[in-house]
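**Student:** This is the structure I have questions about; it appears just below.
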């Protein structure tokens, strides 16, 4: 009954989405007030939330009469992975996607109280249209509640690579970001329909963009760290198309985040901001198509079914096509905002937007090129790190340099007086780059990266200069922290790329291996077991001069489904991470061991977390300001 | 020198168009030299991939062909299909699902002597994963794996 309840809730929600669409855009007599529309959106959100809860419940109970559970779960799995396993498969993860879409629509209805009514009506209609398509996708081609009769005796289990705490946080945060952007999309659609693109709209859009962007940042950072420790390759970004699928919305959202600020503060960049709001969620849909259609194969492509790909592609074409047709028809009618000079905050933010757009374009072309070539010529190819690093890398560094400059400029026009403050950070950057150039090994890009990171790390704090720190608004603090986080992340990427030491060897217990500053003693290999796996576990004693750390990398064997995984063991110290992997046994009693010393690698994720924290500060600052205004009334 | 409003919008549009064009040109330039093409064993044997060029090789790991080399961390094996076989060497820890008789995609280059030197081995990620390049076997695989009714 639980599964059926979930299914009924989904159908009801889909019917409400249809109603929502009609009430917003239908012939005038059918239109309801914004009040009705709001209530519908809220109920729809609750229904999808209920459906998701029902799916989690059947997974928690391992109800093997539900096909999805039988195919993806197992009674002997730890409870956390049983529940999180609800979205560790195609249907469940699409349901999560749709749930967040529904909840985002409801949240828009609840929180946008002071928005212009007609725009809100159209935006809720657009949200209904989006939801309708994805409800149809779920119900007609990816039903998560399908029954299996007779029930299976035992489930087939969850891919062991997914049996990790990462599964609990990574998909929901990433999806909150992906789908949170749908609200910005709908608001842009609404504003283009009513023609009211102004700072009021930007202020309504800001928290959504900021919130979605924070979640995307967290999701990407968490996903990167998960892949880093779980896959045992020691890398933190592979330029895998699936990773790019999450990076593209982030790039667009980052650009949008800045341009929506210009629109809110200065009423400039109207058409451009609307365009970016549409591009950002379009990129989310492109990402969903890439990951969920099965055109790409990776850990994320849970199943391959061509009909799903066609369905998603059709949805993508309809929504993106309609949005851009609307843009083409209406954007020309928008009045232009106040002008600005070349040396101004606006101009710097235009530069930021253009660079982010170019990076987005480069990543987009590189990600889709293999699909395009295969579709047109039939030959297969892959585009990887050599392309993305050389093409996107320098652009990203240029952008990072611009980040140091922009916040020092005034709105509208600037004499450039405050740019003199860049002398100190500039000097720091040049010094670090020079040291890197002569002392450290590695490529020019990483060395430049370290220099620019050092410069930005200092320059990020310049906007606080001459201000009373406790009086400085939280939004400014947020910007400072986020920009500093970018510097930290770039420093981590550059430093670990240049200075990583790797040892691959076959050793007998008792032997010692040296890697970077570490001396690692290989003590033993012993069998061990967990709830649904057995493993061979190595014991390594690592000492950096003084003090001993014990690392226990494992080679695990899961029974359901039968799979082997390597569990890396990582020792984190202030200056970096020692990363160890146990390989296979050689015939002569030796074991393969792979050890990395990765200096400063932790800065990458610390930087990502700081960027998200900066966003949270800015969001908190806005909420606080809004709350105080409300009280003053 | 505040530009006249009309001009400013025009200038911005021109700059944006130039940026898009730059992105596409940059991408095309990058792709020309940096995309790794995928080859099957007969294509490698026929010499379609130039020596040293980064390519991918996909096929089945032949039964009984995996050989460990004395250093303990290198292996030698054969990737083949019905008509051609390519010897491969690889130094590193092979992925968890790398097995004889199963599908593999190796990234690397062809050496002077015709051996494929793999820098990376991408075995299927899980039970149900099949490289798209080996798609025709996927259907059978999936059928065999469907839950017994």
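Chains as they are written, first to last, in our numbering: chain A, 71 to 703; chain B, 42 to 190.
Every residue, glycine too, gets a C-beta built ideally from N, C-alpha and C.
1. Would you identify the three-state DSSP class for residue 280/A, choosing helix, strand or coil?
2. Just tell me which of 58/B, 147/B, 103/B has its CA closest to the CA of residue 122/B.
3. In angstroms, rounded to a whole number, what distance separates the CA positions of residue 252/A and residue 79/A?
4. With a threshold of 8 Å between beta carbons, is residue 53/B in contact with chain A?
5. Give me, in chain order, the residues of the same chain whose beta-carbon lies closer than 6 Å to that of residue 178/A; leave out the 5 immediate sequence neighbours on both sides.
6. Please report how far the alpha carbon of residue 166/B lies from the alpha carbon of residue 428/A, in whole angstroms.
7. For residue 626/A, which residues from the same chain have a beta carbon less than 6 Å from its beta carbon, with the 5 sequence-adjacent residues on both sides left out?
8. Kindly confirm or deny that the segment 585–592 of chain A and the segment 566–574 of chain A touch, where touching means at least three C-beta pairs closer than 8 Å.
9. Which residues in chain B have a C-beta closer than 8 Å to the C-beta of residue 576/A? List them in chain order.
10. Where does residue 253/A fall in DSSP's three states?
11. With three or more C-beta pairs closer than 8 Å as the rule, is the segment 56–69 of chain B touching the segment 423–441 of chain A?
12. Which residues, in chain order, does the segment 431–461 of chain A contribute to contact with chain B at a C-beta distance below 7 Å?
13. With burial defined as no fewer than 16 other Cβ atoms inside 10 Å of the residue's Cβ, what is the status of residue 699/A: buried or exposed?
14. Whole-angstrom Cβ separation of residue 96/B and residue 90/B, contact assumed at under 8 Å?
15. Grouping DSSP H, G and I as helix and E and B as strand, with all else coil, what is residue 150/B?
16. Name the residues in the segment 651–664 of chain A whose C-beta lies less than 8 Å from a C-beta of chain B; which are they?
17. Could you tell me whether any Cβ in chain A is nearer than 8 Å to the Cβ of residue 49/B?
18. Just the C-alpha distance for residue 348/A and residue 129/A, rounded to the nearest angstrom, thanks.
19. Please list, in chain order, all residues of the same chain as residue 151/B whose beta carbon is under 6 Å from its beta carbon, the five residues on each side excluded.
20. Taking beta-carbon pairs under 7 Å, can you tell me which members of the segment 394–410 of chain A lie near chain B?
21. From the DSSP output, which residues share a beta bridge with residue 101/B?
22. Of all the CB atoms in chain A, is at least one closer than 8 Å to the CB of residue 56/B?
23. What is the DSSP secondary structure of residue 609/A, counted as helix, strand or coil?
24. With the cut-off set at 8 Å, would you say residue 416/A and residue 338/A are in Cβ contact?
25. Of the choices 686/A, 335/A, 239/A, 482/A, whose alpha-carbon is the least far from that of residue 157/A?
26. In terms of residues, what are the limits of the beta strand (DSSP E) holding residue 113/A?
27. The segment 58–90 of chain B: which residues have C-beta closer than 7 Å to a C-beta of chain A, in chain order?
28. Tell me, please, which residues DSSP counts as bridged to residue 572/A.
29. Let me confirm a value: residue 654/A is counted as buried when at least 16 other C-beta atoms fall within 10 Å, else exposed. Which label applies?
30. Can you give me the Cβ contacts of residue 75/A inside the same chain, cut-off strictly under 6 Å, excluding the 5 residues immediately before and after it?
31. Counting only C-beta atoms, is residue 117/B closer than 8 Å to chain A at any point?
32. Using C-beta distances below 6 Å, list every residue in its chain close to residue 314/A, excluding the 5 sequence neighbours before and after it, in chain order.
33. Give me the chain B residues within the contact set of residue 427/A, using Cβ-Cβ distance strictly less than 8 Å, ordered along the chain.
34. Mind listing the chain B neighbours of residue 424/A? Cutoff is C-beta to C-beta under 8 Å, in chain order.
35. Report the rounded CA-to-CA distance for residue 268/A versus residue 535/A, giving the unit in angstroms.
36. Looking at the unbroken beta strand (DSSP E) that takes in residue 584/A, where does it start and where does it end?
**Tutor:** Reading off the structure:
1. Residue 280/A carries a helical assignment under DSSP once its states are collapsed to helix, strand and coil.
2. Nearest neighbour of residue 122/B by Cα position, chosen from 58/B, 147/B, 103/B, turns out to be 103/B.
3. Rounded to the nearest angstrom, the two C-alpha atoms are 22 Å apart.
4. yes
5. 253
6. Summary for residue 166/B: the model assigns pLDDT 43, below 50, so the residue's position carries little reliability; its value from the coordinates is reported in the next sentence. Their Cα atoms are separated by approximately 33 Å.
7. 603, 605, 635, 637
8. yes
9. 112, 113, 114
10. helix
11. yes
12. 431, 432, 435, 436, 439, 449, 450, 451, 452, 453, 454, 456, 457, 460, 461
13. With fewer than 16 other beta carbons inside 10 angstroms of its own, residue 699/A counts as exposed.
14. Confirmed, about 4 Å.
15. strand
16. 651, 653, 654, 656, 657, 658, 660, 662, 664
17. yes
18. Each residue's alpha carbon lies about 36 Å from the other.
19. 90, 92, 157
20. 406, 409
21. In the DSSP output, where bridge partners are listed per residue, residue 101/B has 121/B, 144/B.
22. yes
23. Correct three-state label for residue 609/A: strand.
24. yes
25. 239/A
26. Careful: residue 113/A lies outside any beta strand (DSSP E), inside the alpha helix (DSSP H) at 104–130.
27. 60, 61, 63, 64, 65, 67, 68, 71, 72, 75, 76, 77, 78, 79
28. 666/A
29. Residue environment: residue 654/A is assigned as buried (16 or more neighbouring CB atoms within 10 Å of its CB, all protein chains considered).
30. Cβ within range, chain order: 124.
31. no
32. 433, 437
33. 57, 60, 61, 64
34. 56, 57, 60
35. Linking residue 268/A to residue 535/A through their CA atoms gives a straight-line distance of about 32 Å.
36. 582–585
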